[in-house]
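Chemist:
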Amino acid sequence: MKNVIKKKAHPLATLAKSENFMVVCYRDLESGKKFHAVGEKLCVNCDCYLYGRIVSNHKYGEQFQTDYYEEILPKDPDKIIEYLVYSGIYGLNKETAEKIVGKYGTYTFSALEKAAELSKIKDISLMKAQKISESYLETKDMRRWYELTNYYNIPSSKTMAIYKKFSKVENGYEILKKRPYLLCCCNDVSFSGLDEFFKNEKSFNPYHMDRVRFGILYVLKQNEKCGHVFMKKNDFVETVCKQLCHVDSVDQTILKKEIMIMTNQLVKEAKVFYEYGVLYSQNMHYAERYASKKICQLMQADFPVPRTEKQVEDAINKAVKDSGMRLGKGQRAGVKMALQNNVTIVTGGPGRGKTTVLKLLIESELLLNKDCRFTLIAPTGRASRRMAEGTGREASTYHKLLGITQGGIDLSAIPEIDTDVIISDESSMIDMELFCALLKGMKPGTRLILVGDKDQLPSVGPGKVFSELIGCRSIPITVLDETFRQAAGSSIITNSERVNENHCPLSWDDSTSLIRSMKEAETLEKVVNEVKTILKSGRFTEDQIQILSPYREKTDLGAKRLNQSLQDILNPPGSTKKELRHGKRIFREGDRVIHLTNEESVSNGDVGHIKEIDPISKTITVLFETNIEKKYSIFELFDLDHAFALTIHKSQGSEYPYVIIPFIDIFGPMRQKNLLYTAMTRAKTKVTIVGNEQSVAYAAANGGTVRNTYLGYRIYKEKSIMQKKGA
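Counting along the sequence shown from 1, when you hit position 639 you're at 638 in numbering that gives the first Met the number 0, and nothing is skipped either side.
1. Note down, in chain order, each residue of its chain lying with its Cβ closer than 7 Å to the Cβ of residue 43, except the 5 sequence neighbours on either side.
2. Residue range of the alpha helix (DSSP H) that residue 295 falls in?
3. Is there contact between the segment 227–235 and the segment 272–284, where contact requires at least three CB pairs shorter than 8 Å?
4. In chain order, what residues of the same chain lie with their CB nearer than 7 Å to the CB of residue 299, ignoring the 5 residues before and after it?
5. Can you give me the start and stop residues for the alpha helix (DSSP H) that residue 588 sits inside?
6. By alpha-carbon positions, which one of 105, 212 and 47 ends up nearest to residue 258?
7. Within the continuous alpha helix (DSSP H) that includes residue 171, where are the two ends?
8. For residue 5, collect the residues of the same chain with a Cβ closer than 8 Å to its Cβ; drop the 5 residues on either side in sequence, then sort them by chain order.
9. CB-CB under 6 Å to residue 487, same chain, minus the five flanking residues each way: which ones, in chain order?
10. Leaving aside the five residues before and after residue 239 along the sequence, list all residues of the same chain whose C-beta is less than 7 Å from its C-beta, in chain order.
11. Is it true that the CB of residue 424 sits closer than 9 Å to the CB of residue 382?
12. In three-state terms, what does DSSP make of residue 723?
13. Would residue 223 and residue 280 qualify as a contact pair, given that the criterion is a beta-carbon distance under 9 Å?
14. Here's the rule: buried if 16 or more other CB atoms are within 10 angstroms of the residue's CB, otherwise exposed. What is residue 79?
15. Is the distance from the Cβ of residue 41 to the Cβ of residue 68 below 9 Å?
16. Could you tell me which residues DSSP pairs with residue 407 in its beta bridges?
17. If you draw a straight line from the C-alpha of residue 517 to the C-alpha of residue 691, how long is it?
18. Taking C-alpha atoms, which residue in 638, 581 and 639 lies nearest to residue 617?
19. Check whether the segment 346–353 and the segment 367–380 are in contact - that is, three or more C-beta pairs closer than 8 Å.
20. Here's the rule: buried if 16 or more other CB atoms are within 10 angstroms of the residue's CB, otherwise exposed. What is residue 724?
21. From the DSSP output, in three-state form, read off residue 624 for me.
22. Is the Cβ-Cβ distance between residue 475 and residue 708 less than 9 Å?
23. Using a Cβ-Cβ cut-off of 7 Å (strictly less than) and excluding sequence neighbours within five positions of residue 127, which residues of its own chain qualify?
24. Taking only three categories from DSSP, how would you classify residue 15?
25. Quick check: the Cα distance between residue 498 and residue 706, rounded to an integer number of angstroms?
26. Could you tell me if residue 615 is buried or exposed, where buried requires 16 or more neighbouring beta carbons within 10 angstroms of its beta carbon?
27. May I ask you to report which of helix, strand or coil DSSP gives residue 610?
28. To the nearest angstrom, report how far apart residue 639 and residue 441 are at their CA atoms.
29. Buried or exposed, going by whether 16 or more other CB atoms sit within 10 Å of the CB of residue 293?
30. Residue 550 to residue 512, Cα distance in whole Å?
31. Cutting at 7 Å between CB atoms, please list the residues of its own chain near residue 753, excluding the five before and the five after it.
32. List the DSSP bridge partners of residue 682.
33. Measure the alpha-carbon distance for residue 677 versus residue 136 and round it to whole angstroms.
34. Would you mind reading off the limits of the beta strand (DSSP E) that contains residue 68?
35. Considering only C-alpha positions, which residue in the set 463, 405, 532 and 111 is nearest to residue 431?
36. Check residue 456 in the structure and name its three-state DSSP category.
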């Protein structure tokens, strides 16, 4: 490693600690001077060697940025006791540590490896000795794994995942030292970060098979993060070459040859798939193929309960009469289609009566089959709750129904869904893998009804499932085009449709307004001033105002920076409000916050308020809109973020009385039709764009990036094959 400084140091005090960050005060054992070291994981139990560099912090001055460290095991008996007590070894309290050190002295660490030796000490049984020894050996082994990952600049938080994967492999540690790119077998390890480290090493070989192999897999994964299911061959070779060519000495001709050799090898291993002239990762190829086959099988299956045209019409008429609701022509067609087919789609914009279709569909189905079991699902917690409120029935998230955890989707562990009809709302948010997981859990004979707005943003994950299902010309579809829900004088739906149809300029009025702005600083100031003005007017409360941004970071108009600017306005500090600092963020009692992961009790996207902060235990208690309370330790605060401002993607499935959207040219190509349309249609009463007509017009004309997927084509082809076989 270049420009690395080595310091022999003694820890004095831990000044700050969170899940991924520490500040420790050390004494330099050579100069005797005190210094502050910062890093993800630092040594606090004994003397050590710190490896890193000097950095300057504008607030704290000069600090030692630590990349990794090596422990220096103590030799003094008192220091050994202190080390053992704080090492986390099973069963080693101060009393037991003193007994072991009293008997073995400087040979203590050798004795700890032998249970038979430890069992010779009074009050330490053989069973206890074995547990102490096993724990010590595991701790000792973990220490070298931490040293290995720290050396490679891999965050310490990822060491455990690496340890679990490779420690059981024979000579796993030694193999990784010789072939470190194998670390990329762990999903938690970034190829680009590892590659950046190795290009500075003397032994770096740009054509090494492991580097090329994991470079290929990394490029395919990055392609999926951009929303694509596959990659075109020419794009693939050029992108991999570009990824691996960041070193001056690389010969592109040689590298491209190695890329083709390794790609062929990965195809033979079924890690990469080449079909239709494009390349897929293993997961995406399986998901797209399985989904296309399964959806066709569901469509072709015998209808579970045969029913006549008259029975269906009578059931709809009775459900309409009993409910007292009005049913438009398109809505009636949607209900009827869903009652007569195994797989159907209902799509329409805001206010087009999708919820009415769902309610009357369920009531009509129950008139035809009183024992019918429904499963209602949506991609987010908020969307599922809105679905439950609209239908009066229980609804779940996809993740909860399918048992998907933060570890990702394991298709082999998807449970069978015991139901008759599955209804999915906000279906435009479903990505390729999630859709595959849903179909994996569906039994033959189960019906599927997908409801959503085809003009909203596609999924965050790969694919554009809802659009592909609509465009495949194989699934019965109802398009709702009659507006039922738009308050008198409101122009929100009309203007969002104008964006969608590229009919600019918009019609500005009280419900859809424009605060003209061009520059970043000016726009930020005007967003803040609008919030102050609207609060002062009393028209909307703090919780009714939602700022939505195309970006999370990258600019002062991203959600992250906006949250910092808005916190003191929407929840000003007070003498009775306790606060807790976490990195650069300050959490305050009363803050509106959002949960960022899927758990048993709370879902990704759930919003609540900080009810209580305990500065002693460093915990935060949040009361969510679901009336569920959750306590967060300091280490769990990465799962929590402020929610005064959100990204437009995060807002999908939600509605707010008043939406404010910063929208200027700094957002570049993110000014897309479906992005602005989605943001505007989150507003129930009023939407304000802080920006300019040029950016609105740019978005209306910008259809966004075309995602690479063949799901629609595969469904069309698969259905044709099935029909020919059945003919």
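Each residue gets a CB set at the ideal place from its N, CA and C atoms; glycine is no exception.
Modeler: Reading from the atomic positions:
1. As a position in the sequence shown, residue 43 is number 44, starting the count at 1. For residue 43, where only same-chain residues beyond five positions count, the Cβ hits under 7 Å are 10, 13 and 23.
2. Position 296 of the sequence shown, counted from the start, is the residue given in the question as residue 295. From DSSP, the alpha helix (DSSP H) with residue 295 extends over 281–299.
3. yes
4. Residue numbering aside, residue 299 sits at position 300 when the sequence shown is read from its first letter. Close CB contacts of residue 299 within its chain, under the 7 Å cut and outside five residues either way in sequence, are with 721 (chain order).
5. One-based indexing of the sequence shown puts residue 588 at position 589. Careful: residue 588 lies outside any alpha helix (DSSP H) and carries neither H nor E.
6. On the sequence shown, residue 258 is found 259 positions in, with the first residue counted as 1. For residue 258, the nearest C-alpha among the options comes from 212.
7. Against the sequence shown, residue 171 aligns to sequence position 172. Counting along the chain, the alpha helix (DSSP H) containing residue 171 begins and ends at 171–177.
8. Start at 1 with the first residue of the sequence shown, and residue 5 comes out as number 6. Same-chain partners within the cutoff: 48, 49 and 50.
9. On the sequence shown, position 488 is the one that residue 487 refers to. Since pLDDT at residue 487 reaches only 47, below the 50 mark, its modelled position is unreliable, and the value read off the structure follows with that caveat. Within the same chain, residue 487 has no close Cβ partners at all.
10. For the purposes of this step, residue 239 is identified with residue 240 of the sequence shown, where counting begins at 1. Within the same chain, Cβ atoms closer than 7 Å to the Cβ of residue 239 are found at 214, 215, 218 and 258, the five residues on either side in sequence being excluded.
11. Start at 1 with the first residue of the sequence shown, and residue 382 comes out as number 383. Start at 1 with the first residue of the sequence shown, and residue 424 comes out as number 425. For residue 382 and residue 424, yes; Cβs fall inside 9 Å.
12. Counting from one through the sequence shown, the residue named residue 723 turns up at place 724. Helix, per DSSP.
13. Stepping through the sequence shown from its first residue, residue 223 is reached at position 224. Stepping through the sequence shown from its first residue, residue 280 is reached at position 281. Their beta carbons are under 9 Å apart, which means residue 223 touches residue 280 by this criterion.
14. Counted from its first residue, the sequence shown places residue 79 at position 80. In the assembly as shown, residue 79 is a buried residue. Its beta-carbon has 16 or more other beta-carbons within 10 Å.
15. Within the sequence shown, numbered from 1, the residue matching residue 41 stands at position 42. Within the sequence shown, numbered from 1, the residue matching residue 68 stands at position 69. Yes.
16. Looking up residue 407 in the sequence shown gives position 408. Its beta-bridge partners are 404.
17. The sequence position of residue 517 within the sequence shown is 518, counting from 1. The sequence position of residue 691 within the sequence shown is 692, counting from 1. Rounded to the nearest whole angstrom, the C-alpha separation of residue 517 and residue 691 is 7 Å.
18. If you number the sequence shown from 1, residue 617 lands on position 618. Out of 638, 581 and 639, 581 has the C-alpha closest to the C-alpha of residue 617.
19. no
20. To locate residue 724, count along the sequence shown from 1; it is residue 725. Per the 10 Å Cβ criterion, exposed.
21. As a working note, residue 624 is residue 625 in the sequence shown. Three-state DSSP puts residue 624 in coil, outside helix and strand.
22. Within the sequence shown, the letter at position 476 stands for residue 475. Within the sequence shown, the letter at position 709 stands for residue 708. No, these two residues do not count as a Cβ contact at 9 Å.
23. Along the sequence shown, read from residue 1 onward, the residue named residue 127 stands at position 128. By the criterion of a C-beta distance shorter than 7 Å, residue 127 is surrounded in its chain by 90, once the five residues flanking it on both sides are discounted.
24. Walking along the sequence shown from the start, residue 15 turns up at place 16. Strand at residue 15.
25. By 1-based counting over the sequence shown, the position of residue 498 is 499. By 1-based counting over the sequence shown, the position of residue 706 is 707. Computed Cα separation, rounded: 21 Å.
26. As a first step, residue 615 must be located in the sequence shown, where it is residue number 616. Classification for residue 615: exposed.
27. Stepping through the sequence shown from its first residue, residue 610 is reached at position 611. Note: residue 610 maps to strand in three-state DSSP.
28. One-based indexing of the sequence shown puts residue 639 at position 640. One-based indexing of the sequence shown puts residue 441 at position 442. Distance between the alpha carbons of residue 639 and residue 441: 33 Å.
29. Reading the sequence shown from its first residue, position 294 is the one you call residue 293. Buried, by the Cβ-count rule.
30. Within the sequence shown, the letter at position 551 stands for residue 550. Within the sequence shown, the letter at position 513 stands for residue 512. In a straight line, the C-alpha of residue 550 is about 21 Å away from that of residue 512.
31. Residue 753 lies beyond the stretch modelled for the chain, which goes from 0 to 726, so this question has no answer here.
32. As a working note, residue 682 is residue 683 in the sequence shown. Answer is 655, bridged to residue 682.
33. Indexing the sequence shown from 1 puts residue 677 at position 678. Indexing the sequence shown from 1 puts residue 136 at position 137. Their Cα atoms are separated by approximately 55 Å.
34. To locate residue 68, count along the sequence shown from 1; it is residue 69. Residue 68 -> beta strand (DSSP E) spans 60–70.
35. Within the sequence shown, the letter at position 432 stands for residue 431. Checked all of 463, 405, 532 and 111; the closest Cα to residue 431 is 463.
36. Residue 456 sits at position 457 when you count from the first residue of the sequence shown. Three-state DSSP puts residue 456 in coil, outside helix and strand.
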